[in-house]
Amino acid sequence: MNWPASSAAWLLWAHLLVWWFAIRHVRFDRDTEVGPADGRPRNRLWATNLALCAAWMTACCVAARPFASVMLFALGAAALAMLVRAGDAGRSSTTRSTHLVEVAIVAIVPVVLALAVGMLGLQQRVVLVRWPTTDATVTRVLVLSSALLVVTRSGTCVVRGLLHRLRIEPGVRAGFSEGVSESAFPSPRTGRVIGELERGLLLVFALAGSYEAVGFLVAAKSFVRAREELDAVRAEYVVVGTLASYAFAIGVALGTRELLVWSTG
Numbered sequence: 005m006n007w008p009a010s011s012a013a014w015l016l017w018a019h020l021l022v023w024w025f026a027i028r029h030v031r032f033d034r035d036t037e038v039g040p041a042d043g044r045p046r047n048r049l050w051a052t053n054l055a056l057c058a059a060w061m062t063a064c065c066v067a068a069r070p071f072a073s074v075m076l077f078a079l080g081a082a083a084l085a086m087l088v089r090a091g092d093a094g095r096s097s098t099t100r101s102t103h104l105v106e107v108a109i110v111a112i113v114p115v116v117l118a119l120a121v122g123m124l125g126l127q128q129r130v131v132l133v134r135w136p137t138t139d140a141t142v143t144r145v146l147v148l149s150s151a152l153l154v155v156t157r158s159g160t161c162v163v164r165g166l167l168h169r170l171r172i173e174p175g176v177r178a179g180f181s182e183g184v185s186e187s188a189f190p191s192p193r194t195g196r197v198i199g200e201l202e203r204g205l206l207l208v209f210a211l212a213g214s215y216e217a218v219g220f221l222v223a224a225k226s227f228v229r230a231r232e233e234l235d236a237v238r239a240e241y242v243v244v245g246t247l248a249s250y251a252f253a254i255g256v257a258l259g260t261r262e263l264l265v266w267s268t269g
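The working numbering puts the first residue of the sequence shown at 5, with every later residue one more than the last.
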């Protein structure tokens with residue numbers, strides 16, 4: 005049986021994997037390296053990110069149908085532009101006009117490639133892979149695995165980007181509150197691991213329909229945090245980061261469930 009049977013399946017899981025490739029190569033350097041004197045991170049992998057994402061979306065476009073190709077590239081470009089915007093939010097060396105040009109390039113190049121592939125009919129010249137299982141099973145596995153990568157890796161980017169924009173992120177704490185000591189904030193690397201684990205568990209529980217487990221996880225973390233002595237700045241950092249992390253995970257879980265119904269139903 006040829007896979008994928010429908011362009012919708014390609015559109016769904018390929019869009020999710022674009023997020024994974026993007027966040028894998030648009031990463032914050034604040035874990036291992038601090039940027040200029042203002043403490044903002046540098047992003048040195050923008051070109052690598054664009055190249056990898058363009059290559060991945062081109063491959064998906066070749067194997068998909070013409071109309072799905074355009075839709076795939078449009079959605080992928082939008083997701084990639086959002087991630088680049090979040091990843092570059094703290095680059096002091098990037099002016100607003102220069103950054104807008106970069107985002108425009110990210111959004112335009114994939115669409116142009118999609119139209120070119122569709123007009124040349126490249127997707128008709130590719131022999132699709134044959135899998136020893138049904139199309140629906142393969143689609144479910146890919147969508148679920150992609151959702152797990154999105155909720156863990158992309159969630160880190162989204163939460164950190166939000167905290168950075170609100171200036172309550174550890175990388176900019178020096179300019180936010182001069183009276184807060186360095187030890188008042190958790191290690192960014194530790195916080196990242198904790199956040200990825202909790203979002204992964206929330207995704208699994210929500211997809212399984214175990215909302216009691218979701219509530220237990222939220223209550224357990226709230227209880228642990230309540231036992232700590234938090235000053236005003238750190239309390240704001242913890243509350244905003246936790247709520248943003250939970251909201252992102254639950255949103256991805258609900259969206260993934262609907263996508264599974266739509267693509268395999």
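Where is the CB? At the ideal position from N, CA and C, for every residue including glycine.
As the structure is a computational prediction, the values presented were derived from the model and not from experiment.
Can the beta-carbon of residue i be found less than 8 Å from the beta-carbon of residue j?
i: G159; j: F252; result: yes
i: V218; j: A210; result: yes
Nearest by alpha-carbon distance to residue i: which of the options is it?
i: V208; options: V163, C161, Y250 and W266; result: Y250
i: V256; options: S149, A223, R169 and V154; result: V154
i: R193; options: R171, C161, Y215 and A217; result: C161
i: V203; options: V163, F227, E216 and R171; result: Reading the sequence as shown, one finds Arg at residue 203 and not Val. Measuring from the Cα of R203, the nearest candidate turns out to be V163.
i: I254; options: V265, R171 and V222; result: V222
i: R261; options: A212, F227 and V243; result: A212
I need the straight-line Cα distance from residue i to residue j, nearest angstrom please.
i: Y241; j: L247; result: 10 Å
i: G245; j: L167; result: 7 Å
i: E200; j: T156; result: 5 Å
i: A151; j: L206; result: 12 Å
i: V197; j: S214; result: 23 Å
i: L263; j: F220; result: 26 Å
i: R238; j: G195; result: 13 Å
i: F227; j: E216; result: 16 Å
i: S149; j: W266; result: 17 Å
i: V243; j: T141; result: 39 Å
Give a yes or no on whether the minimum CB-CB distance between residue i and chain B is below 8 Å.
i: S150; result: In the structure shown, chain B does not exist; there is a single protein chain.
Just mark residue i as buried or exposed, buried being the case when its beta carbon has 16 or more other beta carbons within 10 Å.
i: R169; result: exposed
i: V147; result: buried
With a CB to CB cut of under 6 Å and the five nearest residues on each side skipped, what residues in its chain are close to residue i?
i: G259; result: none
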